[in-house]
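Asker: If you number the sequence shown the way my numbering does, the last residue is 432 and the count never jumps.
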Amino acid sequence: MAEATMVYELEKEAITTEEEERAFALLQRSSFFRSLEPEVLAELPRMASFLEAPKGAVVFRQGDPPAHCWLIVRGEVAFFIGSGNQDTPRLPVSAGFEDVHVPLPWEESARVRTLDGVSTTSLQSDLEKCVGKARSGAVFGELALMHKDATRKAAATCLTNCEFLLLPASAFKIAKDRLIQLQEAKKKFLNRFVPGMKAFPEPGPNDPPHPSFFFNKLKVDQDFIFLKQGERDSRVIYVIYRGNVHLKQEKDHGAETCQTLLPGQLFGSWINALEPLSAVAATTCEVWFVKASDMRLLPSALLKAIQEHLSEEYSQLLKSVHVTRRYGWDVLMPNLMPHPKPLPRHEDPDRWAEHILHQVHDQEMRTQFFAATIGEDLVNRRVALPASPGHIRRF
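1) Let me know the beta strand (DSSP E) ranges lying completely inside the region 111–193, each 3 residues or longer, listed in chain order.
2) So what does lysine 328 bridge to, in DSSP terms?
3) Closer than 6 angstroms by C-beta to valine 176: which residues in its own chain qualify, once you throw out the five before and the five after it? Chain order, please.
4) In chain order, which beta strand (DSSP E) runs of at least 3 residues are fully inside the region 238–313?
5) Okay, do the region 125–141 and the region 170–186 touch, 3+ Cβ pairs below 8 angstroms being the bar?
6) Compute the distance between the beta-carbons of isoleucine 274 and leucine 298, then report whether it is under 8 angstroms.
7) Given that a residue counts as buried once 16 or more other Cβ atoms are within 10 Å of its Cβ, and exposed if not, what is aspartate 214?
8) On the three-state DSSP scale, how would you describe alanine 90?
9) Between which two residues does the alpha helix (DSSP H) harbouring phenylalanine 70 extend?
10) With a threshold of 6 angstroms on Cβ separation, who are the neighbours of lysine 223 within its own chain once the five nearest residues in sequence on each side are excluded?
11) Considering only residues of the same chain and omitting the five flanking positions on each side of threonine 320, which have a CB-CB separation below 7 angstroms?
12) Anyone know if the C-beta pair for glutamate 200 and glycine 93 falls short of 8 angstroms?
13) Return the chain-ordered list of same chain residues with a C-beta closer than 6 angstroms to the C-beta of lysine 190, the five sequence neighbours on each side being excluded.
14) Helix, strand or coil for proline 103 per DSSP?
15) Could you tell me how far apart the beta carbons of serine 120 and glutamate 165 are, in whole angstroms, since I believe they sit closer than 8 angstroms?
16) List the whole-angstrom C-beta distance separating leucine 311 from cysteine 295, where the pair is believed to meet the contact cut-off of C-beta under 8 angstroms.
Okay, here's the thing in structure tokens:
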């Protein structure tokens with residue numbers, strides 16, 4: 038009997054260790070947690086747990102006090118915001134439904150407990166407007182844990198059968214201080230470089246999150262392609278945090294670098310059109326980015342400021358790279374004035390475009406001068422020759 042107990046304990050420990058390793062791997066891949074130092078991140082898995090939930094289960098309701106932070110291992114979750122009374126706690130669990138997460142259709146008035154365990158819900162509960170969805174790898178429910186006395190800003194419901202990694206509030210507290218520091222550093226950086234960002238003040242505990250919250254970090258290797266010329270990419274905005282990015286134009290002889298973007302500069306694809314240029318990592322890069330599904334959550338004034346900035350930057354760049362010199366004007370003729378030193382395109386697109394136009398004008402003037410000279414010479418030769426038709430050359 039003692040041996041059986043010992044075997045059971047070893048099996049139980051092995052399963053626990055395996056789950057901790059799995060939890061650690063999931064947290065490492067999460068854009069929200071992977072910025073934590075390894076020693077801080079290593080403390081979280083031993084307090085985490087896994088939970089499977091059926092389609093239709095309510096994770097938590099708007100206005101609930103927070104109990105857990107949720108990471109979606111598999112499945113899809115929808116978020117709802119209502120305008121009515123969101124006070125908690127609500128009605129108690131119906132008798133006999135203590136272990137049920139989703140009542141049967143004919144039990145629509147039966148109340149069951151939410152997965153977070155704070156309040157109850159029924160099939161008659163109206164969560165109102167769906168404002169977003171999240172899939173595998175996404176973290177949600179963390180905002181309410183970041184601020185004292187904050188409540189859930191939205192309700193969350195399983196759209197499919199789901200599996201979650203749960204971090205209780207006590208575990209989240211270990212990482213909270215460091216996460217707040219990282220969030221503040223991100224906000225400071227984006228306030229400095231993103232047009233219109235610094236106009237938004239720090240929100241209160243139950244206000245919508247600061248716009249910087251919707252920017253996620255991405256680290257890529259050299260030659261990673263963010264945008265590809267000629268393709269219609271999903272709407273996304275990037276802000277370079279570390280490293281450089283080349284904007285390139287594909288030509289017959291290969292790709293030509295039009296501009297090198299430095300830390301703090303923005304680029305992206307925010308219109309539904311073919312990309313005019315490729316954006317390629319010139320070095321190992323770290324960028325903050327906001328994806329299409331999160332753009333509609335940004336304040337309209339901020340989104341407009343970003344779009345106007347990108348539109349102006351891209352129009353100036355495209356104006357410079359699409360002014361071409363044709364008909365051999367880029368080839369120097371001997372004994373003519375020296376070719377002026379070109380301006381680097383990335384320094385000042387307006388000056389570059391003006392510089393090219395001056396060159397074109399000068400070449401046109403020289404062409405007219407040579408045409409006039411040659412014409413005068415031909416006329417003189419024709420006058421000097423006999424009037425015999427056989428002596429007239431046709432040009």
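The beta-carbon is built from N, C-alpha and C at its ideal position, and this holds for glycine as well. Note that the structure is predicted; figures quoted are calculated from it, not measured.
Answerer: Looking at the atomic coordinates:
1) 113–118, 166–172
2) In the sequence shown, residue 328 corresponds to position 291, counting from 1. Its beta-bridge partners are Val273.
3) The residue labelled residue 176 in the question sits at position 139 within the sequence shown. Only Ser67, Phe69, Leu108 meet the Cβ criterion.
4) The region 238–313 contains these whole beta strand (DSSP E) runs: 253–257, 262–264, 273–279, 282–288, 291–298, 303–306.
5) no
6) By one-based count along the sequence shown, residue 274 stands at place 237. By one-based count along the sequence shown, residue 298 stands at place 261. Taking 8 angstroms as the Cβ cut-off, isoleucine 274 and leucine 298 do not qualify as a contacting pair.
7) Counting from one through the sequence shown, the residue named residue 214 turns up at place 177. So aspartate 214 ends up on the exposed side.
8) Along the sequence shown, read from residue 1 onward, the residue named residue 90 stands at position 53. The answer is strand: DSSP assigns alanine 90 an E or B state.
9) Stepping through the sequence shown from its first residue, residue 70 is reached at position 33. First-last for phenylalanine 70: undefined, no H or E at that position.
10) In the sequence shown, the residue the question calls residue 223 occupies position 186. If we look at lysine 223 and ignore the five residues flanking it on each side, its Cβ neighbours are Ser249.
11) Reading the sequence shown from its first residue, position 283 is the one you call residue 320. Excluding sequence neighbours, threonine 320 sits near Gln259, Gly280, Asn281.
12) Within the sequence shown, numbered from 1, the residue matching residue 200 stands at position 163. Within the sequence shown, numbered from 1, the residue matching residue 93 stands at position 56. Not in contact: glutamate 200 and glycine 93 (Cβ atoms no closer than 8 angstroms).
13) Taking the first residue of the sequence shown as 1, we reach residue 190 at position 153. If we look at lysine 190 and ignore the five residues flanking it on each side, it has no Cβ neighbours.
14) As a working note, residue 103 is residue 66 in the sequence shown. Coil at proline 103, not helix or strand.
15) Within the sequence shown, numbered from 1, the residue matching residue 120 stands at position 83. Within the sequence shown, numbered from 1, the residue matching residue 165 stands at position 128. Going by Cβ atoms, the distance from serine 120 to glutamate 165 rounds to 7 angstroms, so yes, they are a contact pair.
16) Within the sequence shown, the letter at position 274 stands for residue 311. Within the sequence shown, the letter at position 258 stands for residue 295. Incorrect: roughly 16 angstroms between the Cβ atoms, too far for contact.
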